[in-house]
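Novice: Numbering (the numbering used here), first residue to last: 1 to 947.
Set out below in structure tokens:
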């Protein structure tokens, strides 16, 4: 604690020394009103600049008039308001009147180009509202200057004001119902792609545009040939006048019960050159992080998976001590070489406390073909300590050899270490009566290195290009696990009939090597069509070694029989050859083609006498995509993808893996490769004049030959009375599972964005087939999630954001009879801020949520209240003190429900999370204009990078 207080004292001294205080003009004098410079360019419809156009700016009762210069540029200085009206007239062109709403914190505004249409006869001036949201191919773009945020705000506060965006307090982002996974700055990974760090440390005042991109990978970005499913990427493009400068954002806090939190972010930006050093260190309570969007973007439990989350919430009680320093370096080495380096180290020491209960259903086959079911009822209490450390390093070098040749080399390295200790008690009743106590210790180390080489050649014929990409990764996981389990077998009266202790040490060594090569070629057939060819070879090789020893009561290791060991190696080779035809029109674009996929799975099990396995398969996958655009803000698309899913080698080995005595696993050599069909439809419309956003997504997925487990009860071979049973896992193919669903987003902004009404929701239905005791089972599940969260900012001193959500999940497990489990969550929440005193230098913030949770055997209605008091100091508000309280009523708790093929598990956690935190924050920045080269401003690409 003394070290933390000393750090805070030094931080205050540093902030005071570097603060830029304006000269005082008297004890009662008021600071001058902020002024800004406004500039822009006027063009005609052919992209030529218009010289001598008359430009009038009116802000309140003040007005100014100027004309465009020889480059079509106009400049207004000393503009007092960020809200104004621009009027532009020129002989022979249609006049334009546009009302501009900009960020008060921006001192230099560079407006988007004004385009004047040709007109033979002059008409009266009309008001034209430019679009805020633009839909491009695979990209949704927001103009940041249209959203007002307060001084020193971060990007996450800006995102909260944008239509279709949902931002959690943990830094998670959902865009139109889909999760965003990665962050970029001006087109390049920032802080290793850490989304939370990017939006919580970058200042909102540096942002020109926010782009949400469907990213298919770097190769697809350069060639245009898309393969596989995209991930959502958030790309932040900086303003030109905020692209050269230095910033420092430092926060340090300490609280009761040894809670602390420190964040440091130091950054130098100069066009494409970025140097960032950041880190955070904290000790917090598990489960007191995000609210609002939890579970909202998920369509429910996917078919073919082992389980699913029934709704928001999850995790565990306990505490987490963590730290994550990182460095990002991006620079231009000469005219042709650009480098991007990211290094990150993070550690997490997590103490978890869980209490869970659930039921598992088994079937009995009776004479006459009749079946009945048995129910196993269990409760489980556990506590664990998991300590992990990770190093991640990537280095990307791009070499623009000449205008026709491009080379990218990306080596990477990571090292992870994890040590875990756990203790658990489990009590079974119903089908059997057992008490199980288990202790476990594991030590895991995994070095991983690899690299990617990408080369592209652009031919003289427009749009004709070819590329090749090679990648290799090598990962070696070494793990040692010690399990000490004691089981008490009981009769129905609770009398102990047998006491069994199993103490084993398992040593695993798993080596994985992955080699992939991809070749693409694009041949233009006409100005609007092209033929695309893509060939790939992907080979994954595995060497696995698992040795099991028994530990005696005296602590001695005794090697068990060789049939418990499992040593095998195998490889999976997948080749893909795709031919695709693409046609692009102004209003629509489409592509269709076919992909041939031969596969080979082969290997040898050394520990079972050298059993060899070789499997070959061949698939034909259609390619289909269609998109129609009514305008830049209105479009719809539909897309089909298909993908094979091969069984793992241990799933097809005809052997018994008894490394886990209570759950032996038997492979099936007759397993087939599963095949997944997926179709997605998307609709987006932004009505700019009404500021109304509509977004909708629909999806459907089905699986042929789905690989699933068949859990069979067998007599425990160690039970002398042959009355106890254990679970044996087998693998089978089943067809007929499918999943359908969709989500929607409606957003309406009123009164110059003072009021933002947002309604989001999703509905999904899953039909999953499985096997239990060699008999088929069916799981049918519905999930309905609705959220309404208006954002209200009626004046300069108040923000209010109420929120209501409803999440309902129900699952019908059809064994021999129907078992139903459901969970309902209704959440009422509100958060907001009051800005008091002169220029809002005193802030009172709060958030409160009342949750109503109801599920089988459990209900909870916690009321969680958090609040803070914040005071800004110095002229630029770059020194802030904050006092926070978390979970004032000490009611924070949550539940998590997981559904499997023949039962469910509910996990209950109570974090006991009330604590106080005092923190101090400083935000220093100095900017020096627009990136220049040879005395002229550098040009920019669409992703924000300079050239």
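From the three backbone atoms N, C-alpha and C, an ideal C-beta is built for every residue, glycine too.
Here the structure is a predicted model, which is why all the values come from computation and not from measurement.
#1: Three-state secondary structure (DSSP) at residue 930?
#2: Taking the alpha carbon of residue 885 as the reference point, which residue from 874, 754, 865 has its own alpha carbon closest?
#3: Rank 876, 902, 917 by C-alpha distance to the C-alpha of residue 887 and give the top, closest one.
#4: I'd like to know whether the C-beta atoms of residue 897 and residue 855 end up nearer to each other than 8 Å.
#5: Over the uninterrupted beta strand (DSSP E) stretch that includes residue 491, give me the two end residues.
#6: Would you say the beta carbon of residue 102 is closer than 7 Å to some non-hydrogen atom of the ligand FMN?
#7: If we ignore side chains and look at the alpha-carbon of each, how far apart do residue 801 and residue 832 end up?
#8: Compare the beta carbon distance of residue 93 and residue 55 with 8 Å and say whether it is the shorter of the two.
#9: Output the boundary residues of the beta strand (DSSP E) element that contains residue 56.
#10: Is the CB-CB distance between residue 705 and residue 680 below 8 Å?
#11: Cutting at 6 Å between CB atoms, please list the residues of its own chain near residue 383, excluding the five before and the five after it.
#12: Going by DSSP, which residues form a beta bridge with residue 251?
#13: I want to know whether the region 63-77 touches the region 725-734 - three or more CB-CB distances under 8 Å.
#14: Rounded to the nearest angstrom, what separates residue 503 and residue 665 at their Cα positions?
#15: So, is residue 124 buried or exposed, given that buried needs 16 or more other C-beta atoms within 10 angstroms?
#16: State the Cα-Cα distance for the pair residue 429 and residue 771, rounded to the nearest angstrom.
#17: Taking buried to mean at least 16 other C-beta atoms within 10 Å of its own C-beta, is residue 813 buried or exposed?
#18: When you compare only the Cα positions, how much space is there between residue 701 and residue 758?
#19: Restricting to Cα atoms, I'd like to know which of 116, 380, 96 is closest to residue 45.
#20: Could you compute how far the alpha carbon of residue 643 sits from the alpha carbon of residue 675?
#21: Among all the DSSP beta bridges, which residues are the ones paired with residue 524?
#22: Straight-line CA distance for residue 390 to residue 582?
#23: Could you tell me which uninterrupted alpha helix (DSSP H) segments, each at least 4 residues in length, are contained entirely in the region 145-225, listed from first to last along the chain?
#24: Between which residues of its own chain and residue 748 is the CB-CB distance below 6 Å, once the five residues before and five after are set aside?
#25: For residue 525, I'd like the list of residues in its chain whose CB is within less than 7 Å of its CB, leaving aside the five on either flank, ordered along the chain.
#26: Would you tell me roughly how many angstroms separate the C-alpha atoms of residue 632 and residue 684, rounded to the nearest one?
#27: Consult DSSP for residue 607 and reduce its assignment to one of helix, strand or coil.
#28: For residue 784, which residues from the same chain have a beta carbon less than 6 Å from its beta carbon, with the 5 sequence-adjacent residues on both sides left out?
#29: For residue 359, which residues in the same chain have their Cβ closer than 6 Å to its Cβ, ignoring the five residues on either side in sequence?
#30: Within 10 angstroms of its Cβ, does residue 958 collect 16 or more other Cβ (buried), or is it exposed?
#31: For residue 195, does the count of other Cβ atoms within 10 angstroms reach 16, so buried, or fall short, so exposed?
#32: Using a Cβ-Cβ cut-off of 6 Å (strictly less than) and excluding sequence neighbours within five positions of residue 940, which residues of its own chain qualify?
#33: Could you compute how far the alpha carbon of residue 572 sits from the alpha carbon of residue 331?
#34: Leaving out five residues on either side along the sequence, give the residues of the same chain with a beta carbon under 7 Å from the beta carbon of residue 923.
#35: If I measure Cβ to Cβ from residue 541 and keep anything under 6 Å in the same chain, skipping five residues before and after, which residues do I get?
#36: Check the DSSP bridge columns for residue 537 and list the partner residues they point to.
Specialist: On the basis of the coordinates in this document:
#1: In the structure shown, residue 930 sits in coil (DSSP, three-state: anything other than H, G, I, E or B).
#2: Checked all of 874, 754, 865; the closest Cα to residue 885 is 865.
#3: The residue with the shortest Cα to Cα distance from residue 887 is 917.
#4: yes
#5: Where residue 491 is concerned, there is no enclosing beta strand (DSSP E), because DSSP gives it neither an H nor an E.
#6: With respect to small molecules bound, the structure shown includes none, and the ligand FMN cannot be examined in it.
#7: 6 Å
#8: no
#9: DSSP places residue 56 in the uninterrupted beta strand (DSSP E) bounded by 54-59.
#10: no
#11: 353, 423
#12: 263, 921
#13: no
#14: 19 Å
#15: Caution applies to residue 124, whose pLDDT of 40 falls short of 50 and renders its modelled position unreliable; the value that the coordinates give is listed next. Under this definition residue 124 is an exposed residue.
#16: Straight-line Cα distance between these residues: approximately 23 Å.
#17: buried
#18: 28 Å
#19: 116
#20: 6 Å
#21: 530
#22: 43 Å
#23: 155-160, 195-201, 218-223
#24: 692, 757
#25: 531
#26: 10 Å
#27: Residue 607: helix per DSSP, three-state reduction.
#28: Hits under 6 Å: 763, 808.
#29: 375, 377, 903
#30: Examination of residue 958 is not possible in this model, given that the chain is present from 1 through 947 alone.
#31: buried
#32: 946
#33: Looking at the two C-alpha atoms, the distance is approximately 39 Å.
#34: Short of 7 Å from the beta carbon of residue 923, and not among the five residues preceding or following it, lie these beta carbons of its own chain, in chain order: 152, 249, 878.
#35: 513, 571
#36: 517, 575
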